[in-house]
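What follows is a single structure, written as structure tokens, with notes after it.
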Amino acid sequence: MLFDATQAKRRQGPRGSFDLPLLIALVGLACVGLVMITSSSIAVADSQHLGAFYFLKKHLLFLGLGLVLAGAAMRTELKVLEKNAFLLMMLAFILLLAVFLPVLGMRLNGARRWLNLMVTSFQPVEAVKLILVVYIASYLVRHRESVETRFLGLLKPILVAGIIVLLLLAQPDFGSATLVIGVTIAMVWLGGARPIFLFGMGLPLMPLLAIAATSESYRVKRLTSFMDPWKDPFNDGFQLTQSLMAIGRGEWTGVGLGSSVLKLSYLPEAHTDFIFAVISEELGLAGIVFVMSLFALAVGRGLYMGLKGVELGQRFAGYVAFGISLMIGLQTMVSIGVNLGALPTKGLTLPLISYGGSSMVLTCAMAGVLLRATYEINRALDARQMATRMPAAAVPDANATVATAAAREREAVSA
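Residue numbers (this note's numbering): 1 to 415.
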């Protein structure tokens with residue numbers, strides 16, 4: 001009886017599945033973030049007379065909204081995103097321009113990076129990161145031969161990324177601009193572009209990046225102060241020296257969860273940009289290794305599934321998996337590097353861990369799209385395995401079988 005039921009299911013076509021190790025890593029990071037925001041934000045909330053658990057309650061709200069978006073993304077065929085990639089990119093440009101409007105745009109700490117939505121604020125660049133990955137993945141699928149063989153085949157994606165970078169520098173947001181450049185170049189290279197083409201296109205941009213990095217005095221201070229923060233520990237080097245002291249206090253096993261001293265109004269942005277320092281102080285090297293292992297598992301599985309998707313002919317899903325994994329991985333490297341003093345100070349959160357509404361919601365959505373990509377890749381793999389086990393007449397085309405299964409899934413969702 002069990003055999004008959006299994007056979008009946010197989011006749012319906014290939015079955016997809018979400019990558020379990022990836023899902024475990026993402027959930028683990030979100031849980032670590034929940035615990036560490038609770039620990040690191042109490043002192044900040046008390047100092048602002050907001051109530052001890054103010055930031056925790058808001059974080060739970062953002063996490064809940066992010067989970068809703070992630071769930072919706074996990075049930076949405078990637079073809080929907082692929083077909084609307086151009087419209088989404090137009091939306092990204094509109095969002096980035098909207099921050100400069102007097103009514104919608106908000107200026108905080110000298111930067112115009114947020115939109116005023118009345119009940120809360122929203123940072124458009126978090127949505128732009130996901131949209132950029134979708135657009136470049138779509139372009140790589142549509143112009144595969146041009147990207148692999150022609151120098152001009154790289155022009156359009158690089159130009160789109162360049163416009164985004166210019167808009168980000170105008171806000172200013174140098175950290176996100178650097179992230180956009182890195183992910184774009186990596187995706188195009190993974191899409192088959194020749195390194196010599198990338199080098200030739202990137203060489204003229206190097207002086208422009210150098211000018212952008214040194215055009216503002218605060219950027220110059222950030223570039224120089226991280227090299228020797230102890231030279232001016234109470235001014236330009238204050239954040240980094242406090243972070244390094246927190247990391248040093250953690251030693252092997254940490255001072256204990258909730259027992260951090262540096263988070264008590266000494267370490268600025270303890271629950272956002274410098275939450276890794278609090279993790280280091282309270283959980284020690286053991287905690288650092290655990291968190292970094294979760295990130296390594298998430299990024300590694302994403303890249304592995306992306307490679308498998310390209311091999312199976314699911315190129316859009318594969319490139320999306322590449323792009324999202326790179327976005328999360330590079331942002332993690334920058335955030336941890338800033339906390340360790342290996343990189344200049346940037347306003348980048350630690351994905352799924354740091355407090356931040358826009359970052360948390362859109363990172364969850366990004367994770368949902370990544371999981372959906374693994375679902376479709378595994379579905380294509382199952383179709384191939386069915387094709388090899390069954391006679392050719394029974395399974396004429398694995399891609400057609402995948403398309404039939406996708407159509408049935410859409411009908412089930414709509415019903």
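Even for Gly, the Cβ is constructed at its ideal location relative to N, Cα and C.
Note that the coordinates shown come from a computational prediction; the quantities given were computed from them, not determined experimentally.
By DSSP, does residue i sit in helix, in strand, or in coil?
i: S265; result: coil
i: M106; result: strand
i: S259; result: coil
i: F53; result: coil
i: S47; result: helix
i: S17; result: coil
i: S121; result: strand
i: F62; result: helix
i: C354; result: For clarity, residue 354 is Ser in the given sequence; the question names Cys instead. Residue state, collapsed to three classes: coil.
i: G347; result: coil
i: G182; result: helix
i: L312; result: coil
i: G28; result: helix
i: G306; result: helix
i: G33; result: helix
Should residue i be labelled buried (16 or more other beta-carbon atoms within 10 Å of its own) or exposed?
i: E145; result: exposed
i: D173; result: buried
i: V72; result: In the sequence under discussion, the amino acid at residue 72 is Ala, which differs from the Val named in the question. That one is exposed.
i: Q123; result: buried
i: V80; result: exposed
i: R427; result: Outside the shown range of the chain (1 to 415) lies residue 427, about which nothing can therefore be said.
i: A52; result: exposed
i: P195; result: exposed
i: R107; result: exposed
i: D19; result: buried
i: A210; result: exposed
i: Q48; result: exposed
i: L203; result: exposed
i: C364; result: buried
i: T149; result: exposed
i: D236; result: buried
i: N339; result: buried
i: S441; result: Summary: the structure shown does not reach residue 441, with the chain confined to residues 1 through 415, and so no result is reported for it.
i: K58; result: buried
i: Q385; result: exposed
i: T120; result: exposed
i: L312; result: buried
Thinking residue i and residue j are a contact (beta carbons under 8 Å), I'd like their distance in whole angstroms, please.
i: W230; j: T241; result: 6 Å
i: A389; j: R15; result: Per the sequence presented here, residue 389 reads as Arg, with Ala not at that position. 14 Å between Cβ atoms; not a contact.
i: M305; j: A321; result: 5 Å
i: P351; j: I324; result: Going by Cβ atoms, the distance from P351 to I324 rounds to 10 Å, so no, they are not a contact pair.
i: F62; j: S41; result: In fact, because the Cβ distance is near 13 Å, the residues do not count as touching under 8 Å.
i: M74; j: G368; result: 5 Å
i: L343; j: F226; result: 7 Å
i: V160; j: M89; result: 7 Å
i: G254; j: G284; result: 3 Å
i: S17; j: Y355; result: Not really, about 32 Å apart at Cβ, beyond 8 Å.
i: A92; j: A127; result: 7 Å
Considering just the uninterrupted stretch of the beta strand (DSSP E) at residue i, what are its terminal residues?
i: R112; result: 111–116
Is there a Cβ of chain C sitting closer than 7 Å to that of residue i, yes or no?
i: L115; result: No chain C appears in the structure shown, which is made up of a single protein chain.
Kindly indicate the opening and closing residues of the alpha helix (DSSP H) around residue i.
i: Q331; result: 315–340
i: T378; result: In the sequence as displayed, the identity of residue 378 is Asn instead of Thr. Residues 357–389.
i: I196; result: 195–202
Note to self: At 4 residues or longer, what runs of the alpha helix (DSSP H) sit wholly inside the stretch 224–301?
What the structure shows: 238–250
Next item on the list: Run through the stretch 114–174 for me and flag every whole alpha helix (DSSP H) of 4 or more residues, listed as ranges in chain order.
Entry: 124–142, 144–149, 155–170
Notebook entry, point to check: Whole beta strand (DSSP E) runs in the stretch 70–107 with 3 or more residues, listed along the chain?
Noted result: none
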